[in-house]
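Undergrad: My questions will all concern the structure given below.
Structure (structure tokens):
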């Protein structure tokens, strides 16, 4: 019997993806569900619907609520929270690096990068931020960052973004089960896990 | 000591306001919180940010997720659900009528109207739909519908919508506590009630 699994689609710059990234592993482990961290870029998806930046910047009242809501949410979860500056961060290098990292270390890399951005206020577009994490994971930073800029990885990230769009992803985080059920938003994580494990 | 209270801001056409309208009274009663049902119009708020219809119509992928999500949500809550046609419904008459209804019957009126639309597939812009509910509440439909079209009520609804906007409301449902804390979305109802009762 195969274990149930859940795809976790996210953009490193996405605010609500931070609590999901911090929560998903223990929840999935407890439920016996395999998870896949699937970084993609929201930029092209937003552009396709006419947005040149985050809707939280385009719609100030929505943005004000999101920052306050995230602050409350992180306090409830006892997660440190620093508002990224600038927002949104450019997540291109981070997403490419995540795809270049060996699969066995990808979850650790991604959660560490979310923590660097949202708990420590570091910029994820800086090779230094990424390099520090790679070193801690026993990955050579120079080699990995070079790999992240190869055509193979660039193509892989474009393909992932296209696949997300094809599945109907319009924001992040998004959770998709093996049978194609799509759940959008950090507050749908538990429901997505329950769907993945029981198929309902 | 005054009882804590929570304002429930909604538009009758708002999909996620339906489960909130069905859930809020028992939850607030259990927590000892007074609630106020405050209908307003999302239309002018959407127009101010350049939208001529619901964002669920403007952004099809977001709309597809919302319908599926609402279907799952209502199933989980054992709430009947019929997709309104057309969507969004014109909620002007309904909102005016709700403000004309005596305060002691307003919650009953509003929940019945949500049920008519989302559980029975009735159109809320039809005086008949509204009239049937008024009759069940021992309110004379002709007199109430006439009152709903007076300048006093029209002005009241405009003032409510302006107040919502001033508070930072950008969507529905929105919950606002006595100390001005704003929570957007059906999935924030429990958190809003807990804030209202404990002030945190």
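Protein chains in written order, with this note's numbering: chain L, 123 to 322; chain V, 123 to 322.
Cβ coordinates follow ideal geometry from the N, Cα and C atoms, glycine included.
Being a predicted model, the structure only gives us computed values, none of them experimental.
Strictly below 7 Å CB to CB, what residues from chain L border residue 184 of chain V?
TA: Sequence index remark: in the second chain, residue 184 of chain V carries index 62 (1-based). The answer, in chain order, is 292.
Undergrad: For the pair the stretch 150–161 of chain L and the stretch 255–272 of chain V, tell me if three or more CB-CB distances fall below 8 Å.
TA: No, the stretch 150–161 of chain L is not in contact with the stretch 255–272 of chain V.
Undergrad: Give me the Cβ distance between residue 128 of chain L and residue 297 of chain L, rounded to the nearest whole Å; I'm assuming they're in contact under 8 Å.
TA: Sequence index remark: in the first chain, residue 128 of chain L carries index 6 (1-based). Sequence index remark: in the first chain, residue 297 of chain L carries index 175 (1-based). Going by Cβ atoms, the distance from residue 128 of chain L to residue 297 of chain L rounds to 6 Å, so yes, they are a contact pair.
Undergrad: Tell me which residue opens and which closes the beta strand (DSSP E) that residue 233 of chain L is part of.
TA: For the purposes of this step, residue 233 of chain L is taken as the residue at position 111 of the first chain. Residue 233 of chain L -> not in any beta strand (DSSP E); alpha helix (DSSP H) instead, spanning 225–240.
Undergrad: For residue 304 of chain L, return the contacting residues in chain V, with the cut-off set at a CB-CB distance below 8 Å.
TA: Taking the first residue of the first chain as position 1, residue 304 of chain L is located at position 182. Going along chain V in sequence order, the residues near residue 304 of chain L (Cβ under 8 Å) are 187, 190.
Undergrad: On a Cα-Cα basis, can you pick out the residue from V/161, V/136, V/140 that is closest to residue 281 of chain V?
TA: Along the second chain, read from residue 1 onward, the residue named residue 281 of chain V stands at position 159. With distances taken between Cα atoms, residue 281 of chain V lies closest to V/161.
Undergrad: Sort L/187, L/272, L/172 by Cα distance to residue 181 of chain V and report the nearest one.
TA: On the second chain, position 59 is the one that residue 181 of chain V refers to. Selected option, being the one with the closest Cα: L/172.
Undergrad: For residue 239 of chain L, return the contacting residues in chain V, with the cut-off set at a CB-CB distance below 7 Å.
TA: Working through the first chain from its first residue, we reach residue 239 of chain L at position 117. By Cβ distance, chain V contributes nothing, its closest Cβ being about 24 Å from residue 239 of chain L, past 7 Å.
Undergrad: Among V/275, V/223, V/137, V/174, which one has its Cα closest to the Cα of residue 243 of chain V?
TA: Here residue 243 of chain V corresponds to residue number 121 of the second chain, with the count starting at 1. That would be V/137, whose Cα lies nearest to the Cα of residue 243 of chain V.
Undergrad: Three-state secondary structure (DSSP) at residue 299 of chain L?
TA: In the first chain, counting from the first residue as 1, residue 299 of chain L sits at position 177. The answer is strand: DSSP assigns residue 299 of chain L an E or B state.
Undergrad: Does DSSP put residue 309 of chain V in a helix, a strand or coil?
TA: To locate residue 309 of chain V, count along the second chain from 1; it is residue 187. Helix.
Undergrad: Suppose you measure from the CA of residue 210 of chain L to the CA of residue 144 of chain L; what does that come to, to the nearest Å?
TA: Here residue 210 of chain L refers to the residue found at position 88 of the first chain. Here residue 144 of chain L refers to the residue found at position 22 of the first chain. Whole-angstrom Cα-Cα distance: 19 Å.
Undergrad: Give, in chain order, every residue of the stretch 258–285 of chain L whose Cβ lies closer than 7 Å to some Cβ of chain V.
TA: Residues: none.
Undergrad: Between the stretch 269–285 of chain V and the stretch 208–225 of chain V, can you find at least three pairs of beta-carbon atoms closer than 8 Å?
TA: Yes, the stretch 208–225 of chain V is in contact with the stretch 269–285 of chain V.
Undergrad: By alpha-carbon positions, which one of V/157, V/184, V/135, V/285 ends up nearest to residue 314 of chain V?
TA: Numbered from 1 along the second chain, position 192 holds the residue referred to as residue 314 of chain V. Cα-wise, what sits closest to residue 314 of chain V is V/157.
Undergrad: On the three-state DSSP scale, how would you describe residue 189 of chain V?
TA: As a position in the second chain, residue 189 of chain V is number 67, starting the count at 1. Helix.
Undergrad: Going straight from the alpha carbon of residue 139 of chain V to that of residue 271 of chain L, what length do you get?
TA: Here residue 139 of chain V refers to the residue found at position 17 when the second chain is read from its first residue. Here residue 271 of chain L refers to the residue found at position 149 when the first chain is read from its first residue. Cα-Cα distance, rounded: 46 Å.
Undergrad: Report the neighbours of residue 171 of chain V on chain L: residues whose CB is nearer than 7 Å to its CB, in chain order.
TA: To locate residue 171 of chain V, count along the second chain from 1; it is residue 49. Neighbours of residue 171 of chain V on chain L, chain order: 181.
Undergrad: What's the C-alpha gap between residue 240 of chain L and residue 125 of chain L?
TA: Numbered from its first residue, the first chain carries residue 240 of chain L at position 118. Numbered from its first residue, the first chain carries residue 125 of chain L at position 3. Roughly 32 Å between the two C-alpha positions.
Undergrad: Okay, do the stretch 226–236 of chain V and the stretch 194–201 of chain V touch, 3+ Cβ pairs below 8 Å being the bar?
TA: With the cut-off at 8 Å, the stretch 226–236 of chain V and the stretch 194–201 of chain V do not touch.
Undergrad: Spell out whether any CB of chain L is found under 7 Å from the CB atom of residue 326 of chain V.
TA: The shown model of chain V, from 123 to 322, leaves out residue 326 of chain V, and the question about it has no answer.
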